[in-house]
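Peer 1: Just so we're aligned: the sequence shown equals residues 539 to 1303 in the numbering used here. Quick reminder that beta carbons are idealized off the backbone N, C-alpha and C, glycines included. Predicted model only: the values in this text are computed from it and were never measured.
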Amino acid sequence: MYLKLLTKINKLLKIFIYIIIFLSPIYSALRADSSYPLSWNTTEEFPGGNLSASKSKSITDSNCLFCFCKPEWYGASEDLSIWRGLGKKNVKRISPENGIINSATIVNDFLVIINKINKKYKVNLFDNNLELIDSRELQLIETNNLLITNSRIEQLDSNNLILLQNGSMFNVKIQNNKLIVNKIIDEVSDFIVTEDNEFCFISIKSSNAVVGFGSVSGNPAAVAIIPVYDKIRLSYCGKQIAVQTSIRQYSENLVQFLDKKNGFNYSFSIESGINLTLIDSEKDNKKIIYVINEKNRNYLIVREIGNKSSVSNYSERLPLAQEFSEPLALKKCNHNYYIIFRNGIISLDKELKLISADFISIGEKFVEIPDIQMIGNNLILSSFNYSIILKSSTNNFWLINKYFITTGKFILPIILLIIVLIFFQLYRHQKRLLKLLFDIPSTGALIILDKKGRLTRINDEGKRMLGIHGNIPFNRIFSYYCSEEHTKTISKLAESSLITRESIKQKIKIPMESDVREWYCLIEPVKNITGRFRGIVFNGIDITEQLERKRLSNWAQLAHDMQTNLSTIRLNADLIECNESQSNTERKRKILYQVNLLINRVRDIVTVARTDIANKSIHSAKTICSEVLSEFDELMFPNITFNDNSSDISIWCDKPKIIRALRNVVENGIKSIKGNAGTITISSSSDTRFSYIAVKDSGEGMDESTKSKMLKPYFTTSEKHGGSGIGTMIMQQVVEFHNGRIDIESTKGTGSEITFVLPKFKQSR
């Protein structure tokens, strides 16, 4: 049956795979990222910090130097890692002693960081092994202007950097592995590097801003004073600088153009926020690109910028996918454009044609708008608190997917209906087979044979039943796997069912693991829908423990009846007068001792067979230990020295049950000494959570195999001497009743220590 089911499932899977291959274009069309030439997929995430990489054009994703700066909760960073390549080879970390890292950048395989130690700022130069090469202190001015407290490092050319820290701008030159630092100007709020290896800076004072230009070889000069608002961004546009400014809560911004020669030139307003507006220039062609939302639909707008103050109407108006919501930023990187949404990212080529649209969780991960950097085929999105790496892949069938966008909504329902009809027909033919499978118990050994008696499937319990381990070859006659003597009965049952092709139900005994286990075996023939015989399913369930419990229940009934008789014997023996004969007194004591032992054995049997009822209260551990040892007559065990090292601590427990369990531990310890001179020590202790009662003996100890089976139901090492394993079962049941555990420490030849670990506080079972 199971074989037939697997065969049908394989056929269904093949059909399903063919259907998936056929429908893949339709399914892909429903995903926004596969109906365009490219797709972006997240390959690695860097929570909690900013990831940056070398910006050289010759850098590839295998030799690129990466830097990850992880800030602390208050905004500064005390941890920085550096490695080479996307494979994160040779990761090295730096944590400046007693200092914080304000900003960092990679220049020509060097790491440059601004570091603050004891209220002093330094610029440090590290090699790619994070070895400090040079360090220079930055001379800053004190300022109360909150708008000039930022920290930035930008590369001007191959050897020069422009550094901004707390409003002071510096030129940092790397020459012969040394830093040469020169201050350029103070009270600078922001700056950008132009294509002529110069820089433009802006200094905000009240509602106006001073804009100026400078270079490393000359003194900076202001060229214009312009009005500004809450948010400001500088852009380089040909020979001009564009200053965008807006009020924080409004989605409009004022764009002001100026140059080094004439200062302020002209300005105009754009109906979009600063982050969604991009001032772009290709040679002499200047344009402004921005994103707007009209009637719950996002559009990309392109407007040409003339040589004067003229701005054209919409030269291009590109509708964006409706599935993308809440645009966050518009950025340009390596001649491509990227629109970042809260739930994804759209990219366009230099001709502003859509080349990808992928759903990526941006808003949930990034607190601020991420920067973009391209390394090979990888896109790095990095911000102060989070960074991710996206890898591009080519969608070879994107044109087909585009086609199915319009036709798939008609074709897909028809194909799905056909699939449903096919599966319904197959299910109808297999209904009887599935019913037979579900009627067989799911536990136990499961062995599947085909009609020729060859093994096709077996589970782990079936392997244990046959005494085989690991991987085995299939499709061999079943008798091949039944080489052990105890499996002959199983082999005969299977052969009988294969011959008669009828069901068989039978109990059998199988020697397993130094024990004889009883199994209930059910063999069912498998037939297909036409009634042809296909094989058999052998299902075996180990019922040894159930039978043991049933036998124990019968013993418990007998033991319950014996309690009255034993109590009567003890009462009458206690009333016998033996004043005249010392020997009779001794005999009376021995009779009472043996009767008490029998009563305890009877109670043990009753304890295992019945459901315990909670009767817990606070008791003294010393009293419990004392009562346990009082049950063992020193005259009966002259070779044993009993030591009571217990302390007077309080234990929340069912006292009779704990005493009964501890008594069994002591008895096991006495048995392990085997008539030799030895000691039994009982002790107690506690900590903030648990109370401990330990029984230690000087017996023969246990090996690892015996320790692993110690608490297994009905396990005993004294079976030849009448042991039943009830004692260890009582120990386990009592400790579980108290929500505790048993710890076993034992070494072969030196003795054992059994510890009851009980919770100190009141707990429900």
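Is R631 helix, strand or coil by DSSP?
Peer 2: strand
Peer 1: Going by the CB atoms, is the gap between Y774 and T815 shorter than 8 Å?
Peer 2: no
Peer 1: What is the residue span of the alpha helix (DSSP H) that L1031 lies within?
Peer 2: K1026 to T1038
Peer 1: Sort out for me which residues DSSP pairs S744 with in a bridge.
Peer 2: DSSP, once it has assigned bridges, lists no residue as partnering S744.
Peer 1: What distance in whole Å lies between the Cβ atoms of S899 and S577, which are believed to be in contact at a cut-off of 8 Å?
Peer 2: Contact flag wrong, Cβ pair sits at about 16 Å.
Peer 1: Within 10 Å of its beta-carbon, does Y659 have 16 or more other beta-carbons around it, so buried, or fewer, so exposed?
Peer 2: buried
Peer 1: For L890, which residues of its own chain have a beta-carbon under 8 Å away from its beta-carbon, when the five flanking residues on both sides are left out?
Peer 2: Same-chain partners within the cutoff: I827, L838, V840, E854, L856 and Y875.
Peer 1: Opposite Y1058 in the DSSP bridges: which residues?
Peer 2: K1045 and I1079
Peer 1: If you follow the alpha helix (DSSP H) that P908 is part of, which residue opens it and which one closes it?
Peer 2: Segment: none, P908 is in no alpha helix (DSSP H) and carries neither H nor E.
Peer 1: In whole angstroms, what separates the C-alpha of G1287 from that of K1245?
Peer 2: 14 Å
Peer 1: Do you know offhand how far D599's Cα is from N667's?
Peer 2: 19 Å
Peer 1: Looking at the structure shown, is G1260 part of a helix, part of a strand, or coil, going by DSSP?
Peer 2: Here the model assigns G1260 a pLDDT of 45, short of 50, so the residue's position is not dependable, and the following value carries that caveat. Here G1260 sits in coil by DSSP.
Peer 1: Give the secondary structure of Y1018 by DSSP, where H, G and I count as helix, E and B as strand, and everything else as coil.
Peer 2: helix
Peer 1: Taking all protein chains shown into account, do 16 or more other C-beta atoms lie within 10 angstroms of the C-beta of I1292, making it buried, or fewer, making it exposed?
Peer 2: By the neighbour-count rule (16 or more Cβ atoms within 10 Å), I1292 is buried.
Peer 1: So, at 7 Å on beta carbons, what are the nonlocal neighbours of F708 in its own chain, with the 5 sequence-adjacent residues on each side left out?
Peer 2: L676, L701, V719, N720, K721 and I722
Peer 1: On the DSSP letters alone, give me the boundaries of the alpha helix (DSSP H) that T1244 sits inside.
Peer 2: E1242 to K1247
Peer 1: Provide the residue span of the alpha helix (DSSP H) that contains K1286, from first to last.
Peer 2: Segment: none, K1286 is in no alpha helix (DSSP H) and carries neither H nor E.
Peer 1: Under 7 Å Cβ to Cβ from K716, same chain only, skipping five residues before and after it: list those, please.
Peer 2: D672
Peer 1: Report the option in K593, N1183 and A1215 whose CA atom is closest to the CA atom of F1175.
Peer 2: A1215
Peer 1: Can you list, in chain order, the residues of its chain whose CB lies under 6 Å from that of I1211, leaving out five sequence neighbours each side?
Peer 2: G1237
Peer 1: Reducing DSSP to helix, strand and coil, say where G1265 ends up.
Peer 2: helix
Peer 1: From S1290 to I927, what does the alpha carbon distance come to, in whole angstroms?
Peer 2: 57 Å
Peer 1: Whose CA, out of F935, Q787 and V781, lies closest to the CA of P575?
Peer 2: The candidate whose alpha carbon is nearest that of P575 is F935.
Peer 1: Could you work out which residue in L663, I655 and T581 is closest to L624 when comparing CA atoms only?
Peer 2: T581
Peer 1: Enumerate in chain order the residues of its own chain whose CB-to-CB distance from C871 is below 6 Å, with the five nearest sequence positions on each side excluded.
Peer 2: I910 and M912
Peer 1: Going straight from the alpha carbon of L1036 to that of F1016, what length do you get?
Peer 2: 11 Å
Peer 1: Spatial neighbours of G801 within its chain, please: CB distance less than 7 Å, with the 5 preceding and 5 following residues excluded, ordered by chain position.
Peer 2: V761 and A762
Peer 1: Since I1220 contacts D1182 with CB under 8 Å, what's their CB separation in whole angstroms?
Peer 2: 6 Å
Peer 1: Roughly how many angstroms lie between the CA atoms of D998 and F1076, to the nearest whole one?
Peer 2: So the alpha carbons of these two residues sit roughly 14 Å apart.
Peer 1: Three-state secondary structure (DSSP) at G1005?
Peer 2: DSSP, read as helix, strand or coil, puts G1005 in coil.
Peer 1: Going by alpha carbons, who is nearest to G750 out of S727, I1197, R1014 and T1027?
Peer 2: When each option's Cα is compared against that of G750, the closest is S727.
Peer 1: Quick check on the DSSP output: the beta strand (DSSP E) that includes K716 runs from which residue to which?
Peer 2: K716 to I723
Peer 1: Please report the distance separating the alpha-carbon of E480 from that of I1196.
Peer 2: No statement about residue 480 is possible, as the shown extent of the chain runs from 539 to 1303 and does not include it.
Peer 1: DSSP three-state call for I1196: helix, strand or coil?
Peer 2: helix
Peer 1: Under 8 Å between the Cβ atoms of C602 and S592?
Peer 2: For C602 and S592, yes; Cβs fall inside 8 Å.
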